[in-house]
Amino acid sequence: MISEIVKYSLVLLLLITVQKAFIELISISEHNIQPDIVIVAVVYISVRRGQIFGSIFGFSAGLILDILGGSFLGLLALCYSISGFIAGFFSRDEGKYLYKINFLYVLLFTTAINYFIYFMVYFQGAPISFGDILFKFVISTTVYTGVISLLYVFMPQKTNMLKAR
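Here this note's numbering is used: the first residue of the sequence shown is 740, the next is one more, and so on.
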């Protein structure tokens, strides 16, 4: 159990570092759209280990990103914690929802909820319409994160590689 916590913590710290340092290279800057690779790990951990574990790791990752980001301290922590909790609902049938295409559906669902909450709070009081928030920010970021997570979907599984030998 402790080794899994350490392993997941190191993976999250690595992904947070990559998110903050290198994600600008693949972002669509004219529309301010960036993929979120940290939420992919939070959803994976939540489906693998359950709601509480996912919520704790989501909160931790979000708090670190909030501290490094500098604005709205606690907003990403709240959103990632909620996403971890929602994705944890799918941990009951872990094998079913860690299957690649089903994982993509769970990821898209939780990412959409995550960014809906995030951008609704972030743009509260700003002169921007609900439709603009939904289409320009929530859906675009969710789809781009889903496209980036296709790397996981198309990655070969160890079990399939062992069966082929």
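Ideal Cβ placement from N, Cα and C applies to all residues, glycine included.
Remember, it's a predicted structure, so these values are computed and weren't measured experimentally.
For residue 798, the uninterrupted alpha helix (DSSP H) segment begins and ends at 790-808. Residue 826: member of the alpha helix (DSSP H) spanning 814-827, first to last residue. By the Cβ rule, the region 872-880 counts as touching the region 847-860, because three or more pairs are nearer than 8 Å. Annotation: residue 838 is outside any alpha helix (DSSP H) and is labelled neither H nor E by DSSP.
In this structure, DSSP gives residue 772 an extended state, which the three-state scheme calls strand.
Excluding sequence positions up to five before and after residue 766, its CB lies within less than 7 Å of the CB of 772, 773, all in the same chain and listed in chain order. Secondary structure note for residue 885: its alpha helix (DSSP H) is the uninterrupted segment 879-892. In its chain, beyond the 5 residues on either side, 875, 879 have a beta carbon closer than 8 Å to the beta carbon of residue 770. Apart from sequence neighbours up to five positions away, the residues of its chain that approach residue 862 with a beta-carbon distance below 6 Å are 872, ordered along the chain. When DSSP states are grouped into helix, strand and coil, residue 767 belongs to the strand group. Under the Cβ criterion (8 Å, minimum of three pairs), the region 817-836 counts as touching the region 778-786. Note on geometry: alpha-carbon atoms of residue 794 and residue 894 lie some 26 Å from one another. Spanning the alpha carbons of residue 743 and residue 868 requires a straight line of approximately 43 Å.
In the three-state reduction of the DSSP assignment, residue 865 falls in the coil class, being assigned neither a helical nor a strand state. When rounded, the separation of the alpha-carbon atoms in residue 865 and residue 741 is 44 Å. Residue 796 and residue 815 have their alpha carbons spaced roughly 12 Å apart.
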